[in-house]
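Notes follow the structure.
Protein chains in written order, with this note's numbering: chain A, 1 to 267; chain B, 1 to 635.
This is how it looks when you write it as structure tokens:
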């Protein structure tokens, strides 16, 4: 408990009930001097919390406290890491485990970015939960949702909207082909239908054998564009970087010259 | 109310369920047993599942001859005018025929807990729903107190509604897990779809948004608020149809992905009805300037980054103030995501009209802030960072006499950071802003005196949320617990419906809450109390309590048991890192079959381990959910 040795009679009761895993304990005020003398600590000289605590204490004109403060200043010269989380000062007085508790203070993670992202704008590092800071214990574990699967982008000729597929969800080319059909059938029909009526949704088949209207191709980790289906599935999954569904009539030109993603994205 | 609260809906409480009506959230969406004989408004789900099934079947039997067709027709015509869901809930309880007619005329449904009932129950009871408000995860999930993939999936709802309500126009989700496929299904299934509002949601990306933009041709509102949107590198802005749109509100300030500005400009140009536009931080000041020149009719503006990344040549620098001057209708201003403070004066022309101002992403010093706020006499809603300091708050207090809602967030949210705001700011606000209704205040130090002062000066308070960031921190002047301050709040603020407490609190504080918190519906407790008595005071008092969220407080089984008489009348109870045992939770689950008792583990499951890390329990008409992940044990 911070700053309230006066309430000692309340303290222990509360702390006894703190569940395991939270290593708090409060030192008796009388023992603090002794403990402080023995303790080697890292911490900035007189850190924030100390000042804060002592400004409260000062009003009580407590000389004992001032002794404590002097001692802590003496000690804090070893190994001081200027950026060290100043809770270490607090801990010597209050509890052993420094450090933030998950979800406290109750501020949503996008509001926690403020202290470090004030200058980065168009960079990637300032995405949610992406920045590194000491307080990441308290849960920048906003799991980026699509991290666990193996998501690759997939675009289709004639459809401005790209999608993503999770290749770890499939075990064969057939399954992938089926998924592609599911993903794009509706979108393709919508694109083709310009007269305002209900577009007929045709299944997208023959992606793998060259017999359908469309063919599935991919770009591998070396930048080469290839037809899907030639290599064993696992080998494909390990080398694929993105997928593209192209018109079968354009197979030869697509594979030779490739299509830049940017050309296709801007409409 | 004139102020635009919908603009900044972080976790606003449901406005409809205010003081006078009993909490009938569950009944609004699910089956209210019309055969329930109890006249007490608390007897929501006091019947067994069997009984409720009977009620449903008798309610939907249409082959039964009606004694009075005329009455039904009259009722239908009359009940159509009832908008408030509390009124409708009450009407539906009068008798079976009122229940039937009400169900057939209710067009807006509110579901406060998506697991309180199944989607099919919704569609079986209400046949003509055009608008759905649905809430999922409990609020503490926002602070990483719950593992991801817990649930609250939108998928079963959208697929059920796709068949039942093809005329659906509006969906408003909060803390739900929504996938791109869900959005695709929504876009395909509802041709007349008009409003999509996603607050604190996740699970989807710009692909899903693109599909909605592309297919929902009647779309008026697309509001993405504080949601996590993955960047699929899709140019979703370009996916809006090429002709004139119906857009009235477009909010994408939470989308962390670059925007095709040219397409955005074109979209704004062909959206004559657009009134609300909230840009993300990938829109620079120069781009904002262009947009403003093309959209002077805007009433609500989220300004994007309010900066630029290159050094502009000074001769080419646009006249930003002139652009703002042209926006005579702007009353709500937000954004400033990467504020360059030297440009802030550009907003002077609109300050005098502002009713709502959100600076909560802008690290503004008091010196920069004061000249701005001194113009904002009409301000009713104000959100900011504590970087404005007590001094800034004093300036607010001097000028903003109409202030209704204040939120002060910490720039540096750690327990021991410098605290630029304190009891001084709170006291000043209480003295200057007498009409204050809602406050959220993060600080490092506080005194009982200031809190008491606020309780006396601001009788209109309905929401009081004080977060003293250091755990168990007492009044820093007297060293006493914060009991008296919070006690005064519950005693003096007679309209209080929502309370969040912090600082050092003993059981006494809870005694006050239980005794005086007559209208409190939502209570948030963290690191507080000494013993079970504290929780018992609350559970045995606070007659209107609906939502109870507690963390890291020494409350155990006896306290939990003491509330069994009322858990059916609450939306949920959350208790994490308290002192509960699995055995007790099991007992409660057994004793209350319509209560779903979830024990959420964070560690590897050791079944013998009796300690309950997180308890989340809520009433449900359709039993335990089928989509619970491994780490959730439903007792």
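All C-beta atoms in this analysis are idealised placements derived from N, C-alpha and C, irrespective of residue type, glycine included.
In the assembly as shown, residue 252 of chain B is a buried residue. Its beta-carbon has 16 or more other beta-carbons within 10 Å.
Excluding the 5 residues flanking it on each side, residue 379 of chain B has same chain C-beta neighbours closer than 7 Å at 354, 355, 357, 400, 402 and 403, in chain order. Taking a beta-carbon distance threshold of 8 Å, residue 366 of chain B does not count as an interface residue toward chain A. Under DSSP, residue 174 of chain B shares a beta bridge with B:135 and B:199.
Close to residue 207 of chain B, with beta-carbon spacing below 9 Å, are these residues of chain A in chain order: 161, 162, 163 and 164. Residue 422 of chain B is not a Cβ neighbour of residue 407 of chain B, given a cutoff of 8 Å.
Note that the C-beta distance between residue 425 of chain B and residue 390 of chain B is below 8 Å. In the DSSP annotation of this structure, the continuous segment of the alpha helix (DSSP H) that includes residue 184 of chain A starts and ends at 173-192.
Taking all protein chains in view, the Cβ of residue 461 of chain B is crowded by 16 or more other Cβ atoms within 10 Å, so the residue is classified as buried. Judged by DSSP secondary structure, residue 448 of chain B falls within the alpha helix (DSSP H) whose first and last residues are 448-457. Residue contact check for residue 138 of chain B against chain A: no CB pair falls below 8 Å. Following the DSSP letters along the chain, one finds residue 237 of chain A inside the alpha helix (DSSP H) bounded by residues 233-239. By the 16-neighbour rule on beta-carbons within 10 angstroms, residue 244 of chain B is exposed. Per DSSP, reduced to three states, the secondary structure at residue 150 of chain B is coil, with no helix or strand assignment.
When DSSP states are grouped into helix, strand and coil, residue 373 of chain B belongs to the helix group. At a cut-off of 8 Å between beta-carbon atoms, residue 211 of chain B makes contact with chain A. Residue 428 of chain B sits buried, since 16 or more C-beta atoms from the chains shown fall within 10 Å of its C-beta. Around the Cβ of residue 221 of chain A, a 10 Å sphere holds fewer than 16 other Cβ atoms; the residue is exposed. Approximately 5 Å separates the beta-carbon atoms of residue 302 of chain B and residue 334 of chain B; this is inside 8 Å, confirming the contact. The Cβ-Cβ distance between residue 502 of chain B and residue 452 of chain B does not fall below 8 Å. Residue 301 of chain B: member of the beta strand (DSSP E) spanning 300-303, first to last residue.
DSSP places residue 361 of chain B in the coil class of the three-state scheme, outside both helix and strand.
Taking a Cβ-Cβ cut-off of 7 Å, the neighbours of residue 469 of chain B in chain A comprise 105, given in sequence order. Taking C-beta atoms as the reference points, residue 545 of chain B and residue 588 of chain B fail to come closer than 8 Å.
Per the C-alpha coordinates, the member of B:116, B:217 and B:176 positioned closest to residue 204 of chain B is B:176. Contact check between the stretch 225-240 of chain B and the stretch 149-166 of chain A: three or more CB pairs, one atom from each, fall below 8 Å, which counts as touching. Apart from sequence neighbours up to five positions away, the residues of its chain that approach residue 326 of chain B with a beta-carbon distance below 8 Å are 292, 293 and 296, ordered along the chain. Against chain B, the CB of residue 114 of chain A has a partner CB under 8 Å away; the residue lies at that interface. Residue 221 of chain B sits buried, since 16 or more C-beta atoms from the chains shown fall within 10 Å of its C-beta.
If you check the CB distance, residue 362 of chain B and residue 339 of chain B come in under 8 Å. In the structure shown, residue 115 of chain B falls within a coil segment according to DSSP collapsed to helix, strand and coil. Rounded to the nearest angstrom, the Cβ distance from residue 573 of chain B to residue 598 of chain B is 11 Å, too far for a contact under 8 Å.
Under the three-state reduction of DSSP output, residue 166 of chain B falls in the coil class, being neither helix nor strand.
Of the residues assessed, residue 416 of chain B falls on the buried side of the cut-off, its CB having 16 or more other CB atoms within 10 angstroms.
Chain-ordered listing is empty here: chain A has no CB closer than 9 Å to the CB of residue 110 of chain B, the nearest sitting near 23 Å. If you draw a straight line from the Cα of residue 202 of chain A to the Cα of residue 128 of chain B, it comes to about 33 Å.
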